[in-house]
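Heads up, the sequence shown is in the working numbering, so the first residue is 10 and it goes up one at a time.
Positions of the beta carbon are idealized from the N, C-alpha and C atoms, including for glycine.
The structure appears right after this line, and notes come after that.
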Amino acid sequence: MARADSRARESSVKVRRRSTSCTGVVAYKAFRWHPSVTLPYWDWTVDREIGSSLWSADFLGGTGRTRDGQVMSGPFAHLAGGWSIRTGVDTRPFLRRRLGDGAVSLPTRADVDSVLAIETYDMPPWNSASNGFRNLLEGWRGLNLHNRVHVWVGGHMATGASPNDPVFWLHHTFIDKLWADWQRLHPDSGYLPATATTNVVDLQATMRPWNDVTPADMLDHSAHYTYDTDGSGARTSTGLTSHSTLRS
Numbered sequence: 010m011a012r013a014d015s016r017a018r019e020s021s022v023k024v025r026r027r028s029t030s031c032t033g034v035v036a037y038k039a040f041r042w043h044p045s046v047t048l049p050y051w052d053w054t055v056d057r058e059i060g061s062s063l064w065s066a067d068f069l070g071g072t073g074r075t076r077d078g079q080v081m082s083g084p085f086a087h088l089a090g091g092w093s094i095r096t097g098v099d100t101r102p103f104l105r106r107r108l109g110d111g112a113v114s115l116p117t118r119a120d121v122d123s124v125l126a127i128e129t130y131d132m133p134p135w136n137s138a139s140n141g142f143r144n145l146l147e148g149w150r151g152l153n154l155h156n157r158v159h160v161w162v163g164g165h166m167a168t169g170a171s172p173n174d175p176v177f178w179l180h181h182t183f184i185d186k187l188w189a190d191w192q193r194l195h196p197d198s199g200y201l202p203a204t205a206t207t208n209v210v211d212l213q214a215t216m217r218p219w220n221d222v223t224p225a226d227m228l229d230h231s232a233h234y235t236y237d238t239d240g241s242g243a244r245t246s247t248g249l250t251s252h253s254t255l256r257s
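Right, dumping it as structure tokens:
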């Protein structure tokens, strides 16, 4: 899919067969363990330039044109006929980006390490004013990891219609990776809040849209899927740090 010299990463996820009652990651009874199933992620601490092969015409395509932000290259360019936006913040049918168009830069490895060092997952008031790993990872306070990437990509990624850009999914699988990394680094620090809290999904509360799975169900991912680094000796098996290069 990508050029052979791309530094974009892939993490190997082995999906295990589950019953229809399991809806956290696998929602289909027929799913079986299959080693060829992978979820690629974009490590924006490494591939952080507009000239990265991630944005090449044979991968995700590049930035948008100056006039209206329309992506003109790659498989997701509207003019290529393969990617039309049907649900968005306006009626324009084309994908938009503004890569690096502004004062915002992508987070660095040092930024990530600083956030991963935070020992407490979350704390009162459990919202965008909270200190803790969850809020700093999201980007509402401090170094601003997750949100800053949305702004850097711009276009659809900077709006409520961000899932229209395929890079949304590569970005969020990397956020999942960082959550797993944090769990491995802090095996004695759990998900918070642990008990019922108004307007917050606590450890035992059901999550939308599944309504039959809780955060507690998903803390140990190995019942549902595994990563290349599982079994590396960490007390909490939460890998997702494979660095094998995507190749054509």
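- Burial check for S137: the Cβ neighbour count within 10 Å stays below 16, so the residue is exposed.
- Per DSSP, the beta bridge partners of V209 are T206.
- According to DSSP, Q192 shares a beta bridge with no other residue.
- In terms of Cα proximity to W51, the closest of H155, D229 and L145 is H155.
- Excluding five sequence positions before and after S61, none of the CB atoms of its chain fall closer than 7 Å to its own CB.
- In the pairwise beta carbon analysis, the stretch 159-171 is classified as touching the stretch 101-112: at least three pairs are separated by under 8 Å.
- With respect to the 8 Å criterion, R118 and T54 are classified as neighbours on the basis of their beta carbons.
- Counting along the chain, R95 sits inside no alpha helix (DSSP H), nor does DSSP assign it H or E at all.
- Taking P175 as reference, the option from T100, F85 and R76 with the minimal CA-CA separation is F85.
- The stretch 129-143 and the stretch 201-211 touch, with three or more beta-carbon pairs separated by less than 8 Å.
- Between L187 and V121 the beta-carbon gap is near 7 Å, inside 8 Å, which marks them as a contact.
- Going by DSSP, L228 is part of no alpha helix (DSSP H) at all; its letter is neither H nor E.
- Taken through DSSP and simplified to helix, strand or coil, G111 comes out as coil.
- Non-local C-beta neighbours of T215 in its own chain, meaning closer than 7 Å and more than five positions away in sequence, comprise D221, V222 and T223, ordered along the chain.
- Taking the C-beta atoms as reference points, N173 is found nearer than 8 Å to G97.
- Straight across, the Cα-Cα distance linking V209 with D67 is about 42 Å.
- In the structure shown, the three-state DSSP call for G90 is coil.
- For the options I184, P134 and G148, the alpha carbon positioned closest to that of P49 is the one of I184.
- Ranked by Cα distance from A205, the options Q192, G109, W135 and A170 are led by W135.
- Look at G164 here: in three-state DSSP terms it is helix.
- For the options A89, G109 and G78, the alpha carbon positioned closest to that of R101 is the one of G78.
- The Cβ-Cβ distance between G70 and G83 falls below 8 Å.
- For R143, the enclosing alpha helix (DSSP H) has its first and last residue at F142 to E147.
- R157 sits in a helix when the DSSP states are folded into three classes.
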